[in-house]
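*Asks:*
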Amino acid sequence: MNPLPALVLLPLLGGTVAWLADRSNTANQQPTRNISWRITLMVLTLETVLLLITTFRHHTLPGPWLDHFSIPWIPVMGIAFQLDMDGLSLSLLWLSLILSFPCVLLATRQITTDAGAFHFLFLATLTGIIGTFLATDLFLFFFLWELMLVPMFVLISAWGHEDRHRAAIRFFLFTQGSGLLMLLSILGLVITHYRETGLLTFNYFALANTPLSPFLSMLLMLGFFIAFAVKLPVVPVHVWLPAAHTQAPTAASVLLAGLMLKTGGYGMIRFNLMLFPEAAIRFAPVAMGLGIAGILYGAWLSCAQNDVKRLIAYSSISHMGFVLLGIFTGSNTGLQGAIIQMLAHGLSTGALFIIAGSIQDRLHTRDMAQIGGLWASLPRLSSAGLFFAVASLGMPGLGNFTGEFLVLLATWHVNSIVAALTATGLVLAAIYSLRMVNRIFMAPSRTSPSHAKDFSAGQMTILGALMILLVVLGVHPQPIMTLSMPSPLSAPPLSDGGGDTQ
Amino acid sequence: MNTLALFSGAVTLLGAIMVITRQVAVHAVLYLVVTLLGLATVFALLGAPFAAALEVIIYAGAIMVLFVFVIMMLNLGQSDREREKEWLRPRIWLGPALLSILLCAELIYSVSSSPQQEGPLAPLSARDVGLSLFGPYVLMVELVSFLLLAGLITAFHIGRHRTEGR
Amino acid sequence: MPYLLPLLVFFPLASAIFLFVTAGRLSARTVGWVATGAIGLSALCSITLACFFLFSAVPAPIHIILWEWMHTQAFSADIAFTLDPVSLVMILVVTIVGFLIHLYAIRYMEEEPGIARFFGSMTLFVASMLVLVLASDLFCLFIGWEGVGICSYLLIGFWYENPVNTAAARKAFYMTRIGDTAMLCGLLLLATTTGSLHIETLLATLHAGQIGPDVLTAATLFLLIGALAKSAQIPFQTWLPDAMAGPTPTSALIHAATMVTAGIYLIARLHELFTAAPLVMMLTSIIGALTLMMAACTALVQTDLKRILAWSTISQLGYMFLALGTGVWQAALFHLMTHAFFKALLFLTAGALIARLHHEQDIFRMGGLYRTMPGLTVAFLAGASALAGLPLVTSGFYSKEMILSSIWSAHFPLLPGSFPLAHILWGIALTGAFLTSLYIFRCIFIVFFNTHKTESTGSTPRLMAIPLACLSFLSLFGGVIEMPDTLAPIHLFTHFLSAPLPHAEEPVWLLLAGASAPIAGVVIAWVLWGRATPVMQEIPGQATIIRVAKEGWGVDALYAFLFVQPFRFLVWLTRHDVLDYLITGIGRMVRAISSFLEHTRTRFLTLSSGRTTLLLQSGDTLLARVQNGRVRWYAAWIVAGLCAALASGVVP
Amino acid sequence: MVALSLNASLLLACMLFCIGLAGVLIRRNLLFMLMSLDIMLNAAALLFVAAGAHWHDSGGQVMFLMILALAAAETAVGLAIILALHARGRPSLDADTGNLLRG
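Protein chains in written order, with this note's numbering: chain A, 1 to 502; chain B, 503 to 668; chain C, 669 to 1320; chain D, 1321 to 1423.
1. Which term fits Arg1347 (chain D), buried or exposed, when burial requires 16 or more other beta carbons within 10 angstroms of its beta carbon?
2. Would you give the residue range spanned by the alpha helix (DSSP H) that Glu146 (chain A) belongs to?
3. If we ignore side chains and look at the alpha-carbon of each, how far apart do Trp701 (chain C) and Ala338 (chain A) end up?
4. Going by other Cβ atoms of all chains shown within 10 Å of its Cβ, with 16 needed for buried, is Ala1018 (chain C) buried or exposed?
5. Quick check on the burial criterion: 16 or more other C-beta atoms within 10 angstroms. Buried or exposed for His413 (chain A)?
6. If you follow the alpha helix (DSSP H) that Met777 (chain C) is part of, which residue opens it and which one closes it?
7. Measuring CB atoms only, is the stretch 1017-1036 of chain C touching the stretch 1053-1070 of chain C, in the sense that at least three cross pairs come out at less than 8 Å?
8. Check the DSSP bridge columns for Thr750 (chain C) and list the partner residues they point to.
9. Judging by CA-CA distance, which residue of C:Arg1236, C:Leu990, C:Ser980 is the nearest neighbour of Leu958 (chain C)?
10. Under the rule that 16 or more other beta-carbon atoms within 10 Å means buried, what is Lys676 (chain B), buried or exposed?
11. So if DSSP puts Asp1248 (chain C) in a beta bridge, which residue, or which two residues, is it bridged to?
12. Count the CB pairs spanning the stretch 736-750 of chain C and the stretch 1077-1096 of chain C that are closer than 8 Å, and state whether there are at least three.
13. Taking the alpha-carbon of Ala628 (chain B) as reference, which of B:Val613, B:Tyr611, B:Gly549, B:Ala518 has the nearest alpha-carbon?
14. Within the 8 Å Cβ cut-off, does Leu1314 (chain C) reach chain B?
15. So what does DSSP say about Gln970 (chain C), is it helix, strand or coil?
16. Using a Cβ-Cβ distance under 8 Å, would Trp145 (chain A) count as near chain C?
17. CB-CB under 6 Å to Leu469 (chain A), same chain, minus the five flanking residues each way: which ones, in chain order?
18. Considering just the uninterrupted stretch of the beta strand (DSSP E) at Phe69 (chain A), what are its terminal residues?
19. Figure out for me which residue from A:Gly334, A:Gln305, A:Leu207 has the closest Cα to the Cα of Ile186 (chain A).
20. For the stretch 1388-1400 of chain D, which residues have a CB atom closer than 8 Å to at least one CB atom of chain B, in sequence order?
21. Contact criterion: CB-CB distance below 8 Å. Does Leu1310 (chain C) meet it with respect to chain B?
22. Cβ closer than 7 Å: which chain F residues qualify as neighbours of Val1216 (chain C)?
23. Inspect the beta-carbon positions of Thr467 (chain A) and Ile340 (chain A) and report whether they are closer than 8 Å.
24. Taking C-beta to C-beta, are Met927 (chain C) and Val761 (chain C) nearer than 8 Å?
25. Just mark Cys1111 (chain C) as buried or exposed, buried being the case when its beta carbon has 16 or more other beta carbons within 10 Å.
26. What residues in its chain sit with their C-beta under 6 Å from that of Ser980 (chain C), if we drop five residues either side in the sequence?
27. Between the stretch 739-751 of chain C and the stretch 852-867 of chain C, do at least 3 Cβ pairs fall closer than 8 Å?
28. Skipping 5 residues on each side, what residues in its chain have a beta carbon closer than 7 Å to that of Pro444 (chain A)?
29. Using the DSSP secondary-structure output, state which residues sit across from Gln82 (chain A) in a beta bridge.
30. For a quick check, are the C-beta atoms of Leu1324 (chain D) and Val613 (chain B) less than 8 Å apart?
31. Can you tell me which of the three DSSP states Met738 (chain C) falls into?
32. Could you give the distance in angstroms between the alpha-carbon of Ala1396 (chain D) and the alpha-carbon of Phe1384 (chain D)?
33. Nearest CA to the CA of Leu256 (chain A): which residue from A:Phe122, A:Thr40, A:Asn438, A:Leu381?
34. Give the C-beta separation of Pro3 (chain A) and Thr54 (chain A) to the nearest angstrom, bearing in mind that I take them to be a contact with Cβ-Cβ under 8 Å.
35. Should the stretch 596-605 of chain B be regarded as contacting the stretch 1302-1310 of chain C, the criterion being three or more beta carbon pairs within less than 8 Å?
36. Is the CB of Ala1373 (chain D) under 8 Å away from at least one CB in chain B?
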């Protein structure tokens, strides 16, 4: 049995089960509490087991690709349900699962209104994300890409905070609009391929070898780039992000920041760099410029925010600027830096959103001017917050710095002045992170929330696991770097019509 | 001859104008008779003696008598005359008169703009008329008989209704 | 033996993690002892290593690679430790002084509610500092470098209830972070040039001549900026006095003995690199000289006891930079060591004193304390004499004398031989020594020997007294391992560090000058403040220059005016996302336009329909009037139509 | 014998018709309107006769006969209506009051 399709579909099925269970449960006379939550937890555990199997399965494939699965889906159009996994996918899949657990354990249990639907949507989004990391059929990729959006849209607009509708609609418009551009690019690529070879296929590996004129390849690449840039997000099209992150419920914020942004980076590596290498090289200066703009702009605005979640959201923009910069430096170092940065950012920002969400649950405000001095009453939460804030300011020895350092190193090879300019982003990072720390955690206690409950030991264990992972990423990133390098295209795993490969 | 034609035409027109301007119905009828007689002269001058005869006999004779009878039955008096006078203010007749004059001018203009045609004018005797009347136009004669019958029945019906209404 | 190196770091690190995890569950005394025990174990390790080093036949540096941090095509770095004499000196200082300060802090911090946080941060700091010191790879060093920064931040802002403290903490972190960023740039430059940040590889590349002079100058300049920021030299000096907001043990350990000397250590470690960049060397020495002078002058007018010590630290660090700039890094390290002893002593004594005076820090409100606390007086006197460098009996004398004598004979290759920069610098340093002695004895005379002013309570606990005693001993006699040739040819320290220096023949008057300056300072201080009726009770605060000097020469205000306020203002100005507004604005505009269009259309339609209705109505009435059932009117209409038809037929 | 040109008779017919028309339009009394109508009919008849004479066709006089019959029928019906109206209490014979569609 190949576990890849199960990996993709399991959350969706599990989500449906959770939903139905919740509905039948509420109809019951004596409802079991949190039944959908339990099912979700079970699904995630099962998924982890599957991923473990996938990771340690004996790989028989030649070449660097770890796993492959393909069955025809719409054969007339050359569309297949095709999944492939390489180290990059695998590491991002692990990130997805690792982040989902804290989400479910720390953030979704509080959902009381229509919990079944919430968990269903949560798992559906997760399906989209996991599928996006695995799909190598462009149509399937697009399908899953869109699948990610709709549940997230509903999550934000139904369970979000005060200004949720606007935020949700903005999120949806931006991502959906850019997704359409990507669809155009996919179709353009497929049609070009069809004209050249007479073979109608959406297969990633087949399409990778399509001969393209420079202009056309630039055009198609831009289509992909814009879609991924909106997701990443890159500066001029980032405006959906602060609102969406701020207004989303905690679990959705974590999904958004921790995972969904990574699909943008993943897409850039997998599709922009690999499908259109020449165009990407020609486009690199612009992309790098955008990356630097993102780093500085995000950090700068982050310095001025008073809303905790907004501050974290802008810091995300800054961090993802490093990812963009790293991807387009055109060197392996930069690429590895970008990947490490994605993983580390997922962990640190995800955790920060969990903490911000917990603060909001306890104090019912996100305004830093009103929170103030939590250390005395919530020492565990505060120390966790301090740790992740320090991680996000780029502390050497933690994952974020590794990523940033590698990206800066690669950038320095390209242009030292640009890299030096980028490094000033680190100063700004220190300013906004410590500003947050000194407003929330280490500050005169303002409203003494004596009734607020601190994190329990179990919850701290989960956050502790994230901390350990960050430290590992920071001081011993080599195995992960080796693992997570995207496989080159030169060795596609199998020719067409492979079916299940065992 | 020309003089006679002009004179008869003038009498006709003058009579017609008098008809429409009279205040007393009997006067108008009398002027109408004059008009018809003038017209009969014109017919005769146009070489249609049969038509002229019929004009005098039937129109000026029979139909006008009908009018006179009716006027007598209406029993009109001074009040009617006053009312007619009331109704013949210039404010009332000026508009229709102007309209008519305009129409007249247009008609005259269009008629006179057509070229003068002097065809051979030979009189058409009653025999010619009778021949064509019972030759090609026989169907029309039947139609006219129907028309007269219809008129007869209508008049009778209206008159009878009145008597019954009483 | 190599496994002791990771163990050295492990003890404090483990204790830090343990303390953070069990925060709030252990008693204060337990917390203190756990931390002190861990540092003690580290100190034992370092002493063992030192013994091993001293008594081994061929003392070779110990290398240990723990694991590879990363290896890519263009760059590789390892998490690796090296123990050579330079780092051995440092680990001895860090662990022993650290141990003593921890011991002291057990009692000092006993009452604090956040004691676990305090000791956690302190031990974490020691761990980071050890990583910094032991790292054989500049990248690894940078981990420790930033680590000590964040610990310093946490400890300065320990009493976070007061916003002034957290502001000071952030100020310290930001300023050092600016330097760190510059240092990171230097590291990146070196990394791209050599492909590795391993110090030995770096030096090998340097000796192979593969680093161009421009790159070298730029890289060392960047590193220098980092070191200056860390060591609070001009232009970064402003954070250190504010950093005194932290608990006194923190000030002693981090902001006097160890962390602030990281910059000196970095340059000493990379002295070969710096020697190859004469411009940067000269810059280093000039900045050092300026800083020492400026800081000494500032210290002279301070009234806050801890601030006097802080400015004095900056001044002493200036000495070290001066020494580094003139190439005698051994002297810098020697002074670093002795300074760690006596400055820690001074801080701890001051802390004990302040604790007993109900947190009174103004020296002019103290006085005559030698009667009530003779022990502290002796300790403070020991520290002060070492700081002033009273000849022969204090360690400070030997280290300062070493610096002074080496400056005199320093050589700056970039300058023409006739320009006596070395002599000018020597003059500044000598004046500095005089001022040092002046300000610290001013402090002593005012605090200990004047009329009694404040009530003091309790007595110094034994647990606090023991470290003071140890440090007093070290301050007084720690310097005898290295002496000027004129006195005795003892050069244990320099021999230990490197090949023996070629000792130029020093004139005796040089030594005499160096020895007499502190004595002169003491005498003048006694004249001014020490006698029963002092010449000057208080330095007049009215004079503008004094006020300015008291505020650190207005640099703070200048920075606030130049950087902080504009930054705050700009951030405030741009607190809203312009692009967000732009796009939202476009959206709004589109909506406004469309609604305007809609409105206009509606209005137009309403209007036109109204008009049409009106028109139709009027037409309707007209038609209705036409349709009046009056035969004559119908006829008239027929006629009119006929007229029109005819006219249209006739007229054209 | 034939002394009138077609144009002259046409002119006469037109004028006569317009006078009749003016009568119809001007007079409110039904009796006068009826008389004016007769004038108009006569004008039409004159036109037929003149045309017949001009083209020497007896059809014109046949048409005259038909108009004669028409006029007779019309007059008969019209006068009957006038009498009926008069008998029903509208002695004024005002044409303008007959617009109310009421028996």
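Backbone N, C-alpha and C fix where the C-beta goes; we use that ideal spot for every residue, glycine too. Since the structure is predicted, the reported quantities are computational estimates derived from the model, not experimental observations.
*Replies:* To lay it out plainly:
1. Under this definition Arg1347 (chain D) is a buried residue.
2. 138-159 is the extent of the alpha helix (DSSP H) around Glu146 (chain A).
3. Rounded to whole angstroms, Trp701 (chain C) and Ala338 (chain A) show a C-alpha spacing of 43 Å.
4. Buried: at least 16 other Cβ atoms inside 10 Å.
5. By the neighbour-count rule (16 or more Cβ atoms within 10 Å), His413 (chain A) is buried.
6. Segment: none, Met777 (chain C) is in no alpha helix (DSSP H) and carries neither H nor E.
7. Flag = no, the stretch 1017-1036 of chain C and the stretch 1053-1070 of chain C do not touch.
8. Thr750 (chain C) is bridged to C:His731.
9. The closest CA to that of Leu958 (chain C), considering only C:Arg1236, C:Leu990, C:Ser980, is found on C:Leu990.
10. Examination of residue 676 (chain B) is not possible in this model, given that chain B is present from 503 through 668 alone.
11. Within the DSSP bridge table, the entry for Asp1248 (chain C) names no partner.
12. The stretch 736-750 of chain C is not in contact with the stretch 1077-1096 of chain C.
13. In terms of CA proximity to Ala628 (chain B), B:Gly549 leads the group B:Val613, B:Tyr611, B:Gly549, B:Ala518.
14. Interface residue, yes.
15. Coil at Gln970 (chain C), not helix or strand.
16. Contacts with chain C at 8 Å (Cβ-Cβ) do not include Trp145 (chain A).
17. Taken in chain order, the residues that qualify are Leu347.
18. Note, Phe69 (chain A): beta strand (DSSP E), 67-74.
19. Between Ile186 (chain A) and the set A:Gly334, A:Gln305, A:Leu207, the nearest pair of CA atoms involves A:Leu207.
20. Using a CB distance below 8 Å, the part of the stretch 1388-1400 of chain D facing chain B consists of Leu1388, Ala1389, Leu1390, Ala1391, Ala1392, Ala1393, Glu1394, Thr1395, Ala1396, Val1397, Leu1399, Ala1400, ordered along the chain.
21. Closer than 8 Å to some Cβ of chain B, the Cβ of Leu1310 (chain C) qualifies, so yes.
22. Looking for chain F here will not work: the only protein chains present are A, B, C and D.
23. Before going further, note that residue 467 (chain A) is Met rather than Thr in the sequence given. It is not a contact, given that the beta carbons lie outside the stated cut-off.
24. When the beta-carbon positions are compared, Met927 (chain C) and Val761 (chain C) stay at least 8 Å from each other.
25. That one is buried.
26. Cβ contact annotation for Ser980 (chain C) (same chain, cutoff 6 Å, sequence separation greater than five): Ala967, in chain order.
27. These segments touch.
28. Counting only Cβ-Cβ distances below 7 Å, and skipping sequence neighbours, we find Gly372, Gly373.
29. Looking at the DSSP assignment, Gln82 (chain A) forms a beta bridge with A:Ser70.
30. It is not a contact, given that the beta carbons lie outside the stated cut-off.
31. Reduced to three states, the DSSP call for Met738 (chain C) is strand.
32. Rounded to the nearest angstrom, the two C-alpha atoms are 18 Å apart.
33. Check the Cα spacing between Leu256 (chain A) and each of A:Phe122, A:Thr40, A:Asn438, A:Leu381: the tightest is with A:Phe122.
34. Taking a contact as a CB-CB distance under 8 Å, the pair Pro3 (chain A) and Thr54 (chain A) counts as one, their CB atoms being some 5 Å apart.
35. Because the criterion of three Cβ pairs below 8 Å is met, the stretch 596-605 of chain B and the stretch 1302-1310 of chain C touch.
36. Chain B contact via Cβ: present.
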